[in-house]
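Asker: Once you've had a glance at the structure underneath, I'll fire off some questions.
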Amino acid sequence: MLKIYFAGSIRGGREDIDLYKKIIRHLQLKGEVLTEHIGYGEITPEGETGLSDYEIYSRDLHWLSICDIIVAEVTTPSLGVGFEIAKAIGLKKKVLCMFRIQDEKKLSAMISGCPDILIREYQTFEEAMQIIDMCII
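Here it is, written out as C-alpha cells:
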C-alpha cells in the first residue's frame with residue numbers, strides 16, 4: 000500500500016484546515032496517509048498537545064523516511080512544511096506541492112525554483128483532486 004506523507008501548515012496558520020481535511024480524505028483513496036492528524040480540528044496554531052517538539056520532530060522524520068511520496072499544500076507559508084519538503088528531497092522521495100492561486104500570495108522561489116519538486120497550481124478543490132489523481136498513480 001502506498002504510504003503518503005501529507006504536509007500542511009500547523010503553527011504557520013490553520014486557515015486551510017477544512018481544505019486539508021478534504022485533501023486527506025481524497026489521498027486516503029490512494030493509500031495510507033501517515034499524517035492524517037494534519038486535518039484534525041483539535042490541532043490549533045499552537046501545535047499538537049501531548050507531545051514535545053522533539054517527539055513530533057522524531058515521529059515526523061520517521062514517517063518521512065518510510066513514505067513513498069510527500070504531498071504538500073503550500074499556499075499557507077510554513078517553516079515546518081518547508082523543512083519537511085527539504086528532508087524529503089534529501090531522502091529522494093517524490094514531492095508534489097500544490098499551491099492555490101491567489102492574488103495576494105506568491106509561492107516561495109525556494110519551492111518553485113527547485114527542480115526536484117513537482118509543482119501544481121490550482122484554484123478549486125476539484126482541480127486539486129484532479130492534480131492528485133493525475134500525479135499519484
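In numbering that gives the first Met the number 0, the protein residues as written are 0 to 136.
Here a beta-carbon is modelled for each residue, glycine too, at the ideal position from N, C-alpha and C.
Computed from a predicted model, the values in this text were never measured in an experiment.
1) In the segment 29-67, which residue ranges form an unbroken beta strand (DSSP E) of at least 3 residues, counting only runs that do not cross its ends?
2) My understanding is that F98 touches T74, with C-beta atoms under 8 Å, so please give their C-beta distance in whole angstroms.
3) Are the segment 50-67 and the segment 105-113 touching by the rule of at least three beta carbon pairs closer than 8 Å?
4) Could you give the distance in angstroms between the alpha-carbon of S64 and the alpha-carbon of M0?
5) Where DSSP assigns a beta bridge to E72, which residues make up the other side?
Answerer: So, to answer that:
1) Here no run is fully enclosed.
2) The residue you call residue 98 lines up with position 99 of the sequence shown. The residue you call residue 74 lines up with position 75 of the sequence shown. That pair is a contact at about 6 Å.
3) At 8 Å Cβ cutoff, the stretches do not touch.
4) As a working note, residue 64 is residue 65 in the sequence shown. As a working note, residue 0 is residue 1 in the sequence shown. About 15 Å.
5) Taking the first residue of the sequence shown as 1, we reach residue 72 at position 73. Under DSSP, the beta-bridge partners assigned to E72 are M97.
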